[in-house]
Every structure is written in C-alpha cells, then in structure tokens.
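Protein chains in written order, with my numbering: chain A, 99 to 238; chain B, 18 to 252.
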C-alpha cells in the first residue's frame with residue numbers, strides 16, 4: 099500500500115516507521131523541515147535510505163499534498179497537531195482526491211464523534227485516555 | 018432566516034478581530050441579536066468592555082461552545098477568524114450538524130478558496146477578491162477583467178510597504194524593474210488609495226498592492242522593502 103501521513107509528530111513519525119518496516123510505501127508531509135529528525139531517530143540508516151519519502155509543505159497547500167503523492171495514496175492519515183487542520187485535509191483527501199481510506203486524529207472528543215458519524219475514520223487520543231483512566235481510576 | 022421583523026434574527030459571529038467586532042457593532046445597531054465568540058482571552062476582555070454580554074469567550078470550533086451560544090436557534094452564522102480551517106469547520110458544523118441555513122465564511126488566504134467550495138462552505142468571502150472586484154469596477158479600462166479570470170488559477174495579491182531607501186522608493190512605476198508576471202495595481206498613501214500610472218512616483222512609506230503569479234514574491238519583495246518586508250495577503 100501507499101500511505102501518506104501528514105504531520106511528523108510523535109504519532110505520525112512512529113506510524114510512518116512502522117508502516118515502512120511492514121513493507122509499505124510511505125510518504126510523510128510536514129511544514130517543519132526539522133521534523134524529519136523524528137523519522138531518523140533510533141534508526142541505523144536515514145529515512146530516505148530506508149525507502150521513505152519526506153516532503154516539506156503546509157497541509158492545506160494542494161501543491162504540497164500532490165508532491166507528497168496524495169493522488170496515488172491508498173491510505174491518508176491526518177496527524178498534525180491541529181484538529182481543525184486535520185479535519186479539513188482529511189475531508190479534502192476523501193472528497194477531492196478520493197483516497198480510499200482516510201484516517202484522522204482529532205483531540206476533541208465532541209468533534210471526533212460527530213465527524214465519525216459523517217463517515218470519517220476518526221481517532222481520538224483524548225477519548226482513549228479518558229476511557230482507560232476511567233477503568234484504572236474507578237477500579238474497585 | 019425567520020420571516021418578520023429583524024429583531025427576531027439571531028446571528029452568531031465567530032472571531033472578534035477587526036472584521037468580527039465591527040460586524041457585531043453594525044448588526045447590533047440594526048437591532049439584530051448577536052453573539053460574538055472569541056477564543057483569545059485578552060481580546061475577549063477588550064471587546065467585552067464595549068459589547069458586554071454579546072461576547073462569549075471560547076473556541077467556536079468546539080461544539081459545546083457553539084451550543085452554549087445557542088447555535089440551534091441561530092439564523093445566520095458568520096465565521097471570520099484568522100484561520101481558514103476554523104472558518105471552514107465552524108460553518109460546516111453550523112450547516113450540517115445544527116441545520117443553520119445561512120452561513121458566511123471569511124477566506125484569509127485566497128489559495129484556500131477551493132477548499133471552502135469542496136467542503137460545501139458557501140458563500141466564502143475573500144478580501145482579496147473584493148478588492149479586485151472594486152478595482153475592476155472603478156477602472157474597467159485597466160484590463161482587470163482578465164486578471165479576475167486568472168485569479169481562479171491562483172494569482173496572488175500582496176501588499177508591501179515601501180521601505181526607506183528601497184530600490185523602488187523615489188522611482189516611477191515604469192522605472193521599477195518588476196519580473197514578468199507582476200503588476201502594481203494600487204498605491205495607498207496617507208489613507209488614500211489610487212491606481213498608479215506608468216509615471217506615478219512610488220514613495221517610501223507607501224503601501225503598494227501587487228498582483229502576481231505565485232512564486233514571484235521573493236523576486237518582487239526586495240524592490241520595495243529591503244528590510245522588514247510585510248506580506249499581508251496570500252501568505
């Protein structure tokens with residue numbers, strides 16, 4: 099599969115490395131050139147030498163998304179630090195570029211739930227934290 | 018919008034910047050019921066000094082903030098924050114989740130205009146676009162009709178302040194060596210704007226509006242502002 103990940107933060111970069119290890123084609127887009135360091139961290143060879151792609155660009159700029167390969171992507175993951183950016187680009191990936199599988203990280207549980215109802219595959223770390231904390235804290 | 022007197026119309030405005038604040042003032046003066054939502058606490062306090070209970074503090078992209086403002090009964094939602102993503106989502110949620118039929122969104126970066134359309138957020142208002150229309154209206158013989166059409170193909174308008182000692186300062190428009198694909202469309206001086214001719218002089222302190230092909234900023238900017246250049250549109 100060809101996987102495009104926007105946002106090379108902790109989640110995005112870790113997922114990118116796992117996907118590459120699993121033998122997939124992986125492209126990462128981030129506006130910060132220094133975020134590339136996360137992709138090289140703890141690796142014996144550089145991200146590019148390992149076969150990964152990295153593009154510097156703003157998530158909302160179509161040119162950057164195209165350069166990063168959104169038109170060929172089988173899977174699109176929006177994992178920037180901004181909920182609103184993620185929700186907008188995920189919908190663009192879905193509606194404009196017809197990417198078959200779109201996954202979006204949303205920190206706000208309220209919006210994550212509503213957009214999930216609208217057909218986006220949302221992942222809400224906050225909700226996971228709440229649920230897990232509840233299990234541990236309220237354990238009798 | 019409910020039929021009948023304007024008093025029955027309820028408007029929610031997201032973003033208490035210059036646009037949002039003034040819009041709220043105008044609408045309140047016209048006896049509309051208005052709630053303005055601002056996420057910056059300091060800005061909120063400043064605006065609340067004047068508009069009092071008409072302003073609420075919070076992030077209007079969060080559903081509970083919109084619900085607290087009474088979005089269920091809003092006739093019109095106007096999103097004029099400085100973030101295009103926020104404006105898109107506020108309007109999308111207002112329309113699709115809460116069934117608000119009338120929305121207006123502000124486009125900060127003209128390049129994002131397509132995103133508003135793709136996600137069904139209409140009308141989307143771009144200040145850049147409005148200025149273009151205004152110029153076209155004022156000076157039709159200037160040939161800007163074509164420029165407007167090209168705007169769909171991502172032309173940009175940028176505003177630059179002419180720095181003291183800049184290459185362009187003290188020269189006429191025709192003497193400024195601009196790259197192919199760029200044009201000075203307006204000069205703002207001491208609060209007044211005019212469309213310059215080839216022999217109009219550019220002075221230090223002027224605000225100059227240029228229209229150009231994307232990517233030419235780096236070539237254009239040095240002619241006007243060797244130090245501290247400022248791009249206010251087109252990001």
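Note that beta-carbon positions come from the ideal geometry of N, C-alpha and C, so glycine has one too. Since we're looking at a predicted model, the values are computed, not measured.
* Asked: Span of the beta strand (DSSP E) holding residue 177(B)?
  -> Unbroken beta strand (DSSP E) run through residue 177(B): 173-178.
* **Within the segment 68-127 of chain B, ranges of the beta strand (DSSP E) (whole runs, at least 3 residues)** => Unbroken beta strand (DSSP E) runs of no fewer than 3 residues, entirely contained in the segment 68-127 of chain B, are found at 72-74, 93-96, 119-124, following chain order.
* **Three-state secondary structure (DSSP) of residue 49(B)** => Of the three classes helix, strand and coil, the one that applies to residue 49(B) here is coil, per DSSP.
* Asked: Is the shortest distance between the beta-carbon of residue 57(B) and the beta-carbons of chain A less than 7 Å?
  -> Using a CB distance cut-off of 7 Å, residue 57(B) does not count as an interface residue toward chain A.
* Asked: So, do the segment 90-106 of chain B and the segment 23-38 of chain B have three or more beta carbon pairs nearer to each other than 8 Å?
  -> Contact between the segment 90-106 of chain B and the segment 23-38 of chain B is present, because at least three Cβ pairs lie under 8 Å.
* To do: Determine the extent of the alpha helix (DSSP H) in which residue 208(A) is found, giving its start and end residues.
  => Its alpha helix (DSSP H) spans residues 207-215.
* To do: Helix, strand or coil for residue 181(A), going by three-state DSSP, please let me know.
  => In the structure shown, residue 181(A) adopts helical secondary structure according to DSSP, grouped into three states.
* Contact belief for residue 108(B) with residue 138(B) at Cβ below 8 Å, rounded distance in angstroms -> Beta-carbon to beta-carbon, residue 108(B) and residue 138(B) are separated by about 5 Å, close enough to satisfy the 8 Å threshold.
* Are the Cβ atoms of residue 102(A) and residue 160(A) separated by less than 7 Å? -> Residue 102(A) is not a Cβ neighbour of residue 160(A), given a cutoff of 7 Å.
* Hey, does residue 148(B) have any beta-carbon neighbour from chain A nearer than 7 Å? -> No, residue 148(B) does not count as interfacial toward chain A.
* Asked: Does the segment 46-62 of chain B touch the segment 116-124 of chain B, meaning 3 or more C-beta pairs lie closer than 8 Å?
  -> When Cβ pairs closer than 8 Å are counted between the two stretches, the segment 116-124 of chain B is seen not to touch the segment 46-62 of chain B, the count staying below three.
* Length-filtered (3 minimum) beta strand (DSSP E) runs lying within the segment 140-167 of chain A -> Entirely contained in the segment 140-167 of chain A, the beta strand (DSSP E) runs reaching 3 residues are, in chain order, 151-154.
* Asked: What are the complete beta strand (DSSP E) segments, minimum 3 residues, inside the segment 190-243 of chain B?
  -> The segment 190-243 of chain B contains these whole beta strand (DSSP E) runs: 199-206, 209-211, 224-229.
* What are the start and end residues of the beta strand (DSSP E) that includes residue 220(A)? -> Boundaries of the beta strand (DSSP E) around residue 220(A): 219-221.
* Listing by chain order, which chain A residues have their CB less than 7 Å from the CB of residue 35(B)? -> Listed along the chain, the chain A residues whose CB falls inside 7 Å of the CB of residue 35(B) amount to none; the nearest CB is some 21 Å away.
* **Residue burial classification, residue 139(A) (beta-carbon count within 10 angstroms, cutoff 16)** => Residue 139(A) is classed as exposed because its beta carbon has fewer than 16 other beta carbons within 10 Å across all chains shown.
* Please report how far the alpha carbon of residue 200(B) lies from the alpha carbon of residue 214(B), in whole angstroms. => Straight through space, the alpha carbons of residue 214(B) and residue 200(B) are spaced by roughly 11 Å.
* For my contact list, residue 150(A) and residue 127(A) are in at a C-beta cut-off of 8 Å; report their separation, rounded to the angstrom. => With a Cβ gap of about 12 Å, residue 150(A) and residue 127(A) do not count as contacting.
* Roughly how many whole angstroms lie between the Cα atoms of residue 175(A) and residue 201(A)? -> If you take the alpha carbons of residue 175(A) and residue 201(A), they lie about 5 Å apart.
* **Spatial distance of residue 230(B) from residue 223(B) (CA atoms)** => Cα-Cα distance, rounded: 22 Å.
* Can you give me the start and stop residues for the beta strand (DSSP E) that residue 133(A) sits inside? => Element bounds for residue 133(A): n/a, residue is neither H nor E.
* **residue 226(A) in three-state terms, based on DSSP** => Residue 226(A) falls in the helix class under three-state DSSP.
* To do: For residue 173(B), go through chain A and note every residue whose CB falls closer than 9 Å to its CB, in chain order.
  => None at all; the shortest Cβ gap to chain A is about 13 Å.
* **Short Cβ contact (7 Å threshold) for residue 186(A) with residue 105(B)** => Yes.
* Asked: With a Cβ-Cβ cutoff of 7 Å, do residue 72(B) and residue 64(B) count as a contact?
  -> Yes, Cβ-Cβ distance for residue 72(B) and residue 64(B) is below 7 Å.
* To do: With 7 Å as the threshold, decide whether the Cβ of residue 113(A) is near any Cβ in chain B.
  => For residue 113(A), no Cβ of chain B is located within less than 7 Å of the residue's own Cβ.
* Asked: Helix, strand or coil: how does DSSP classify residue 199(A) here?
  -> Residue state, collapsed to three classes: strand.
* To do: For residue 108(A), decide whether its Cβ has a neighbour in chain B, counting only Cβ atoms nearer than 7 Å.
  => So no, residue 108(A) is outside the interface.
* Please name the residue in 181(A), 170(A), 130(A), 146(A) whose C-alpha comes closest to that of residue 155(A). => Ranked by Cα distance from residue 155(A), the options 181(A), 170(A), 130(A), 146(A) are led by 130(A).
* Are the beta-carbon atoms belonging to residue 203(A) and residue 135(B) less than 7 Å from one another? -> Going by C-beta atoms, residue 203(A) is not nearer than 7 Å to residue 135(B).
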